[in-house]
Every structure is written in structure tokens, then in C-alpha cells.
Amino acid sequence: MTPNSFGPALMARLDQLADFSDVPGTVTRLYLSSSYVAATGLVANWMTKAGMSVRIDPLGTIIGRVEGRTPGLPALVLGSHIDSVRDAGRFDGTLGVLSAIAAVEALQGTHQDRPFAIEIMAFGDEENVRFPSYLLSSRAVVGEVTADELDVRDPDGISVRDALIAGGFAPDRLSDAARPASDLLAYVELHIEQGPVLEQEGLALGVVTAINGRVRYDVTVTGFAGHAGTVPMAMRRDALAATAEMIVTAEAIARGLDGIVSTVGTLSVHPGAANVIPGSTQFTLDVRSGSNTQRDAAAATICAALEDVARKRSVELQMSTTYRSSATPLSQSVVAALAKTVERLGHPVRLLSSGAGHDAMAMANICPSGMFFLRCKDGVSHNPAESITVEDADLAVRALVDVIANFDPEALFPRG
Ligand SMILES: [Zn+2]
Numbered sequence: 156m157t158p159n160s161f162g163p164a165l166m167a168r169l170d171q172l173a174d175f176s177d178v179p180g181t182v183t184r185l186y187l188s189s190s191y192v193a194a195t196g197l198v199a200n201w202m203t204k205a206g207m208s209v210r211i212d213p214l215g216t217i218i219g220r221v222e223g224r225t226p227g228l229p230a231l232v233l234g235s236h237i238d239s240v241r242d243a244g245r246f247d248g249t250l251g252v253l254s255a256i257a258a259v260e261a262l263q264g265t266h267q268d269r270p271f272a273i274e275i276m277a278f279g280d281e282e283n284v285r286f287p288s289y290l291l292s293s294r295a296v297v298g299e300v301t302a303d304e305l306d307v308r309d310p311d312g313i314s315v316r317d318a319l320i321a322g323g324f325a326p327d328r329l330s331d332a333a334r335p336a337s338d339l340l341a342y343v344e345l346h347i348e349q350g351p352v353l354e355q356e357g358l359a360l361g362v363v364t365a366i367n368g369r370v371r372y373d374v375t376v377t378g379f380a381g382h383a384g385t386v387p388m389a390m391r392r393d394a395l396a397a398t399a400e401m402i403v404t405a406e407a408i409a410r411g412l413d414g415i416v417s418t419v420g421t422l423s424v425h426p427g428a429a430n431v432i433p434g435s436t437q438f439t440l441d442v443r444s445g446s447n448t449q450r451d452a453a454a455a456t457i458c459a460a461l462e463d464v465a466r467k468r469s470v471e472l473q474m475s476t477t478y479r480s481s482a483t484p485l486s487q488s489v490v491a492a493l494a495k496t497v498e499r500l501g502h503p504v505r506l507l508s509s510g511a512g513h514d515a516m517a518m519a520n521i522c523p524s525g526m527f528f529l530r531c532k533d534g535v536s537h538n539p540a541e542s543i544t545v546e547d548a549d550l551a552v553r554a555l556v557d558v559i560a561n562f563d564p565e566a567l568f569p570r571g
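In the working numbering, the protein residues as written are 156 to 571.
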């Protein structure tokens, strides 16, 4: 295997898949759209070419499989997703699927020697854009999706169920998507980092130890609206000025804590006129960490500090939790196996946690799971400017080839 023997071919396929878009000239491949359905055909063809048998499950997940020494052995699963956000880049999700296909193809002829099968799963509904749903395809594999979750509708009133039927899938057989845990040995997902850490440190590959949990609040600050010309400064209860102090306070606290990120991503001001002192504001506060305890402690510190600001400025503060998800620690044995791969490829091992959600969060509920991050230019994702180098694309395939070639089910579940 000469360096960069895989990069150009992988980049060409990523370009080809990017052409499957709901909006020509962009990459917009929403779950179960016509371009998504068409893309499943292309990806299935590539799996077939790699020597895999291919089926598409009731939720539209494409599953390729090669048998090991004997048919029906439990599988090492590689995967990621092929849906995208609107006006996306061409690597988010697709990189993990197509590099896995290239790795299996590269190992053709050796599969019959292995004490395990290999599967590749190409999921949809990872980006959570079209429907108010959440990781439907990977959660269906885990057996966590209930039939009523398929009733949620997109803004055009089309339900997941209707979209599945229109795409030629079989939502009535939802339960067939669920796999027994005994089928699956481990899940490995390779994904662009979607952040700048690896690039800044001059590293191509990282190993993910956990996927951050998050807590999100809706915050309302109520002061008192008044005339911008007549109310003296000392007598004001300016909700927006108080909010500004709250935002920088939350930022300062998060900056001082390791492994915590905190974001105010929306803000509305009422009544919102140039000559009126703001009477109230609403904003969102999102706090994330790879550890639930750390996240809850940081969130409590931030909330207490916001209350201090509110008291000092005589405004009222109301906070309600709108979303909370647990951090997903990834399997220590899979993390160790992936770290060994990075070493064998001659790179320093960098462990990091993921700030974004991934299908691995669902898969971790059924089998030991791990992730590689591959560096991306400027850490940019969910944007047409998303970019990786052809050398890194090559490395992605070599990493997955190494994972498969050295995968040891016994090391994963030591018998004792
Ligand atoms: Zn993704």
C-alpha cells in the first residue's frame, strides 16, 4: 500500500455523491428526499463493487455486509450518515461511509480468514433538519424507535412514514430494522472533526473518547421598558444591558473551565425600538461537556452567576431547561484499539471529545463504539467551505483498513 493510493479515488466518489442534491449547485440531501433516495442507490452500488451483499432496512439505512470465516458471524460495523444539512459541505458523514467502503474493497480476498463479519451502515436522519426527529435510522438499528415517532411531519406536512413509503422503504416493518446485540461486535465511525483542534495541533487523526452531553435553557430577562430620552441612567432596569452582562459572564465562566463550552445562540429584544429602553429579552443558553457531572456543575455555576447579575441590576430572571442529553462515553477498548491504529500509522495519539452529536451515540447503546476524527480545514463544517486534503482522505481509508486488519473480538470482550 503506497501512501495516497486511496485518496484521489475517495475524493472523486465524495464529489460524485455531492452531486446528489435537492438544490442543484449546493449539497442539500435531506433525509428521505428524492436525492437522498437516489443516493442510496449509488452507495449500494459502491458497496456491491466492494464485494458486499447489500440491503436497505425499513428506515432507509443502507447495510453492506461481507462474511468472515463462516457465514453469519457477528460483525464489526463501520458507518456514518449520508444525509446533510441545507447548503452543506461534502464530507460530513459521507467521508465515514465512503472511506469504509474503500477499506473493505482494499481488503477483498482476505475476508474469509476473519473470525468476524464486516458491515457498513450508511444512516440517514443524522442531521435532524427535515423532521423534528432524532437519529431515527441509527436508533432503529438499536431498536429504540417507536412507531409513533414515524408520525412526525416536516414543514410541508409530510410524515416520516409517508416519506419512507414514497422512497420505497417499508415503515411497517420498523421492528425488522432492530438488530440483536449478539449480531454486532463493535461500531467504528470516522467523521470530520467539525472543529479546529486537530488542525491547530498539526494532527490529521484524533480518537474520540466521549460525545458531549448538553443542557439547553430558554432564558427570559424582564426589566422595565421606558423612554430612552427621559429615564435617568440610575433609575433604569434595562433588560438588554443586564443580558449583555449575563452573556459575557457565562462566557468568562466557561473559558475558565476545562472541557466546557457555553453558547448564547439566539437573542430577542422587546419591544425592540431605538427610543425605548429594552423591557425584556429572551435568549438560549447551551452548555456542553464530555462529562455529565462537569456539565451540570458548570451549568449550575453559570445559572448562579446570572442570578447575581439579575439581582444587582434589579431585573427578573426566568430559566427553563428545554433540552438535556447525557454525555456518551465511548468504549475504552474501542478507543484503545483506535489509538493503536493511529500509532501504527506513525501519528501521535490525540484523544478528544466530540462537541457535536453523531450516530455513534445511538450505536453505543447496542455495542462497544468508537470514533476517529479527521482534521478539516479551519474546523469548518455544515458549510460549503468544508474541506479536507487528499492526503488526509487517504489516511482515513488506511486507518479503517488497519482497524479491520487488527480487530480482535477477544480483546474487546476478554473472557475471564
Ligand atoms: Zn455528521
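Quick reminder that beta carbons are idealized off the backbone N, C-alpha and C, glycines included. Quick caveat: nothing in here was measured; it's all calculated off a predicted structure.
Ignore the nearest five residues each way along the sequence and tell me which others in residue 515's own chain have a CB closer than 6 Å to its CB.
344, 524 and 526
Helix, strand or coil, according to DSSP, for residue 112 in the structure here?
Shown here, the chain extends from 156 to 571; a query on residue 112 therefore has no answer.
6 Å CB neighbourhood of residue 168 in its chain, flanking five on each side removed
253
From which residue to which residue does the beta strand (DSSP E) around residue 259 run?
That residue, residue 259, is in no beta strand (DSSP E); its alpha helix (DSSP H) goes 249 to 261.
For the alpha helix (DSSP H) holding residue 196, just list the boundary residues, first then last.
189 to 204
What whole-angstrom Cβ distance do residue 557 and residue 505 have, given they're in contact under 8 Å?
Not a contact, Cβ separation roughly 17 Å.
Sequence-distant residues of its chain with Cβ nearer than 7 Å to residue 195 (five each side left out):
211, 215 and 217
For residue 337, which option in 285, 230, 555 and 534 has the closest C-alpha, if you only look at C-alpha atoms?
230
Exposed unless 16 or more other CB atoms sit within 10 angstroms - verdict on residue 566
exposed
Does the distance from the CB of residue 262 to the CB of residue 529 come in under 9 Å?
no
Residue range of the beta strand (DSSP E) that residue 373 falls in?
368 to 377
Hey, could you find the ends of the alpha helix (DSSP H) residue 267 is sitting in?
Neither: residue 267 is in no alpha helix (DSSP H) and is coded neither H nor E.
Note down, one range per segment and in chain order, each beta strand (DSSP E) of at least 3 residues found wholly within the segment 333 to 411.
339 to 347, 360 to 366 and 368 to 377
Would you list the residues whose beta-carbon is nearer than 5 Å to any heavy atom of ligand 1, in the order they occur in the chain?
247 and 248
In chain order, which continuous runs of the beta strand (DSSP E) of length 3 or greater are located wholly inside the segment 503 to 569?
506 to 509 and 524 to 529
Start and end residues, beta strand (DSSP E) containing residue 471
471 to 480
Less than 9 Å between the C-beta atoms of residue 282 and residue 332, yes or no?
no
Quick one: is residue 316 buried, meaning 16 or more other Cβ sit within 10 Å of its Cβ, or exposed?
buried
Residues near residue 573 by beta carbon distance below 8 Å, same chain, minus five either side
Nothing about residue 573 can be read from this structure; the chain reaches only from 156 to 571.
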